[in-house]
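If you count by this note's numbering, then the sequence shown holds residues 3 to 337, one letter each, in order. Accompanying notes for the structure given below.
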Amino acid sequence: MSLLLAFLLSLGLGPGLGTPPRAQAPVLREIAALRLPGIHGRIDHFAADVKGGRLFMSALGNDTVEIFDLRTLRHLHTLRGIGEPQGVTYAPVPGRLFVASGADGTVHVFDGAHYRLLRVVRLGSDADDTRYDRASHSVFVGFGDRGSAGLAQLNAATGERMATIALPAHPEAFAVAALSPRIFVNLPSAGNVVAVIDRRQGKVIALWHLHGARGNFPMALDERDHLLFVVCREPAEVLVLHTETGAIVGRVRCVERADDAWYDAARQRLYVSGGGGAITVIARQASGSFRVMAEVPTAPGGRTSLFLPELSRLYLGIWGRHGQAEEVRTYAVRP
3 MSLLLAFLLS LGLGPGLGTP PRAQAPVLRE IAALRLPGIH GRIDHFAADV KGGRLFMSAL
63 GNDTVEIFDL RTLRHLHTLR GIGEPQGVTY APVPGRLFVA SGADGTVHVF DGAHYRLLRV
123 VRLGSDADDT RYDRASHSVF VGFGDRGSAG LAQLNAATGE RMATIALPAH PEAFAVAALS
183 PRIFVNLPSA GNVVAVIDRR QGKVIALWHL HGARGNFPMA LDERDHLLFV VCREPAEVLV
243 LHTETGAIVG RVRCVERADD AWYDAARQRL YVSGGGGAIT VIARQASGSF RVMAEVPTAP
303 GGRTSLFLPE LSRLYLGIWG RHGQAEEVRT YAVRP
């Protein structure tokens, strides 16, 4: 070996080594962003009308619901007159938009085509997260405080209340199973537990305690593999629970002050967005365990999000603080 070649090899610049290894494509790539100068305050939950190409955003601090083009983020419409909108859900058949008000505990039901108000449902106090259940053609809404909390089941076409399931404390995120009659509900103010509801019985059948973890707000469900992802804030970690027993089968660190979590079944990933200024991407390994795949920087206040598997897109709302404007971003999910 010549002295020159030996010297180049020592620097990593020999044949085949002079080109640095190709960087891996980012797991999430920002493809669009829209600043919202006319909107002020906290941004809460999102929903989408995929067929109609619309994105709905609860601007809680602005007392409005903002509607955007799903692909371009062009602003389409503003709904006013809803105090502190929180949960928002679009029921595609027959096309109804449900918006939960944290200010007065009501749910506003709109005609999804022309945004005409059809009904106001009074639940009590602090109407919060919402979920659409295709099987029962209904929308579930979490509401209330200790002594008056529950999940209300509303008819997705008329908004009429079909049932109410009592809970021991205010419900945060919840997951409605499609393959069983269960609903899993985060109850951080009831001692950091997960409530398990049987819809057929209309009541809580179990309370799972999260020993050593507090502030369980976001949640996501992998029904196929019987896994429930419960995201906690103290410490900032994801607890992986078995959906039949409630046993904790895994723990993975995540972004601080998490507010939303989404399971990507096709890629076997979990996306967790939080106010710590990042989206944590957690991937399932061949062994069945989970590990952090990427920590995608966003911005402080980038808490709430929405993942749409049909489009391989993730939408993020950023609460503008410290001189930063409110913003909504779109990320493309990479293979």
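Ideal placement from N, C-alpha and C gives every residue a C-beta, glycine not left out. Because the structure is a prediction, the values reported are computed rather than measured.
Check                                                                                                      : Outcome
Endpoints, the beta strand (DSSP E) within which N218 is located                                           : From DSSP, N218 is part of no beta strand (DSSP E); its letter is neither H nor E.
Boundaries of the beta strand (DSSP E) in which D51 is found, first to last residue                        : F48 to D51
Sequence-distant residues of its chain with Cβ nearer than 7 Å to Q76 (five each side left out)            : The sequence given here places Arg at residue 76; Gln does not occur at that position. Closer than 7 Å at the Cβ level, and outside the excluded window around R76, lie F70.
Given V187 as reference, the closest of D130, A158, P237 and V123 once Cα atoms are compared               : D130
Assumed close pair A50, L72 - CB separation to whole angstroms, cut-off 8 Å                                : 6 Å
Assigned exposure category for L181 - 16 Cβ within 10 Å defines buried                                     : exposed
Selected residue, minimal CA-CA separation from G144, among I185, L120 and G114                            : I185
Outcome for R24 when other beta-carbon atoms lying within 10 angstroms are tallied against a minimum of 16 : Note that R24 has pLDDT 41, beneath the 50 cutoff, so the model's placement of it is unreliable and the number below is only indicative. Per the 10 Å Cβ criterion, exposed.
Contacting residues, own chain, Cβ-Cβ under 7 Å from L119 (five flanking each side not counted)            : H110 and F112
Where P190 falls: helix, strand or coil (DSSP)                                                             : helix
F362 to L308 span [Cα, whole Å]                                                                            : Because the chain in this structure spans residues 3 to 337, residue 362 falls outside the shown range and cannot be described.
Local Cβ density within 10 Å of P190, reported as buried at 16 or more and exposed below that              : buried
Cβ shell of I1 (< 6 Å), same chain only, five flanking positions each side left out                        : Residue coverage of the chain in this structure runs from 3 to 337, which leaves residue 1 outside it and unanswerable.
Simplified DSSP assignment, three categories, for L181                                                     : coil
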